[in-house]
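2 protein chains.
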Amino acid sequence: MPSPSSQAKEPTALDRIRKAGLRPTRQRLALAKLLFANGSRHVTPESLFNEARSKRVNLSLATVYNALHDFTECGLLREISIEAGRSYFDTNTTEHHHFYFERTGKLQDVSLDSVRITSLPDAPPGEKVKRVDVVIRLAK
Amino acid sequence: MPSPSSQAKEPTALDRIRKAGLRPTRQRLALAKLLFANGSRHVTPESLFNEARSKRVNLSLATVYNALHDFTECGLLREISIEAGRSYFDTNTTEHHHFYFERTGKLQDVSLDSVRITSLPDAPPGEKVKRVDVVIRLAK
DNA sequence: TCTCGATTTAGAATAATTCTAAAATCCGTT
DNA sequence: AACGGATTTTAGAATTATTCTAAATCGAGA
Chain V
31 MPSPSSQAKE PTALDRIRKA GLRPTRQRLA LAKLLFANGS RHVTPESLFN
81 EARSKRVNLS LATVYNALHD FTECGLLREI SIEAGRSYFD TNTTEHHHFY
131 FERTGKLQDV SLDSVRITSL PDAPPGEKVK RVDVVIRLAK
Chain D
31 MPSPSSQAKE PTALDRIRKA GLRPTRQRLA LAKLLFANGS RHVTPESLFN
81 EARSKRVNLS LATVYNALHD FTECGLLREI SIEAGRSYFD TNTTEHHHFY
131 FERTGKLQDV SLDSVRITSL PDAPPGEKVK RVDVVIRLAK
């Protein structure tokens with residue numbers, strides 16, 4: 031038995047990086063494994079760096095920034111701006127929205143269909159709507 | 031004739047600051063005049079500082095930060111997070127949304143009723159929805 | 001294995017913001 | 001109008017997040 035399961039699998043970290051046209055370096059592979067291991071995640075450069083460190087992955091903070099930006103440009107991640115002075119990267123690149131817990135600074139996905147937007151203004155002349163971000167801010 | 035117009039007036043800068051319970055210092059008055067002079071505005075601390083400087087208002091950048099935060103706490107302004115590493119303050123504190131022009135970094139108000147949200151998820155237990163921010167990102 | 005462009009890295013540099021503590025200001029009371 | 005205490009302002013240092021730099025290392029094809 032080559033594999034314990036024959037269900038359709040998530041692509042491996044290597045697959046994802048290859049498909050994105052990036053060189054699969056040791057650092058990118060390690061980060062991709064952390065990021066895409068299970069389910070949707072929201073990381074900051076700092077949080078991912080600490081996580082990698084704690085798992086004995088040896089890399090520099092600059093590399094985490096590089097990788098997060100490279101992944102974002104290739105569509106593997108999506109960047110979210112919630113608070114000035116802190117960037118979040120989301121492994122869920124499908125269209126969706128967010129809860130933002132102000133007390134903890136954590137994010138949680140909100141599925142696209144639980145927020146129904148039934149009208150939107152026209153884009154101003156010469157511009158196109160690139161994305162509509164909905165952030166539901168939560169507090170006590 | 032005491033005044034060229036007898037229509038209902040916008041509150042003066044002094045009124046606003048007094049009503050907010052803040053001391054009307056020279057700096058706060060000058061900034062409030064710039065901010066609330068006409069219509070809705072979106073400023074960054076830097077942009078407001080430069081504007082004040084160019085009008086010969088003598089103050090320090092730290093004071094602009096202090097005033098913007100004080101005004102925000104008192105409900106005179108609203109803070110908006112659009113891009114990591116840059117904060118925007120909006121003189122329109124009524125509920126509304128925004129266009130964000132990625133090319134120029136400028137914001138434009140979108141009235142509440144041109145974005146119709148007909149369903150929202152329940153807030154997670156123990157949390158309340160404090161605000162729903164919709165940002166319509168525009169590009170070429 | 002060799003080679004060369006891509007990637008990583010440490011540390012410096014930059015940018016935005018906050019902090020510090022001293023000086024100035026505001027304003028109610030004299 | 002001067003007084004005095006709390007508030008505010010300020011310059012500059014400190015902090016935080018991020019980007020840059022240029023040298024070292026790595027990855028993949030010949």
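Protein chains in written order, with this note's numbering: chain V, 31 to 170; chain D, 31 to 170.
Even glycine gets a Cβ: it sits at the ideal position worked out from N, Cα and C.
Within chain D, the C-beta atoms nearer than 7 Å to that of residue 111 (chain V) come from 111, 112, 113 and 114, in chain order. Sixteen is the threshold: since fewer than 16 other Cβ atoms of the shown chains lie within 10 Å of the Cβ of residue 154 (chain D), the residue is exposed.
DSSP places residue 83 (chain D) in the helix class (H, G or I) of the three-state scheme. Of the residues assessed, residue 120 (chain V) falls on the buried side of the cut-off, its CB having 16 or more other CB atoms within 10 angstroms.
DSSP lists no bridge partner for residue 157 (chain V). With the criterion set as a beta carbon lying under 8 Å from some beta carbon of chain V, the members of the segment 148–165 of chain D are 148, 149, 150, 151, 153, 154, 156, 157, 158, 159, 160, 161, 162, 163, 164 and 165, in sequence order. Of the other Cβ atoms in all chains shown, 16 or more fall within 10 Å of the Cβ of residue 62 (chain D); this residue is therefore buried. At a cut-off of 8 Å between beta carbons, residue 71 (chain V) makes no contact with chain D. Residue 75 (chain D) sits buried, since 16 or more C-beta atoms from the chains shown fall within 10 Å of its C-beta. Of all alpha-carbon atoms in D:40, D:93 and D:44, the one lying nearest the alpha-carbon of residue 69 (chain D) is that of D:40. By the criterion of a C-beta distance shorter than 6 Å, residue 72 (chain V) is surrounded in its chain by 118, 120 and 137, once the five residues flanking it on both sides are discounted. When the alpha-carbon of residue 123 (chain D) is set against those of D:157, D:102, D:168 and D:164, the nearest one is in D:102. DSSP places residue 141 (chain D) in the coil class of the three-state scheme, outside both helix and strand. With a 10 Å radius around the Cβ and a threshold of 16 neighbouring Cβ atoms, residue 149 (chain V) comes out exposed. By a beta-carbon distance limit of 8 Å, residue 64 (chain V) does not contact residue 79 (chain V). Their separation comes to about 10 Å. In the structure shown, the three-state DSSP call for residue 77 (chain V) is helix. The beta carbons of residue 98 (chain V) and residue 50 (chain V) sit no closer together than 8 Å. If you draw a straight line from the Cα of residue 77 (chain V) to the Cα of residue 132 (chain D), it comes to about 27 Å. Burial is judged here by how many other beta carbons sit within 10 angstroms of a residue's own beta carbon; residue 152 (chain V) has fewer than 16 and is exposed.
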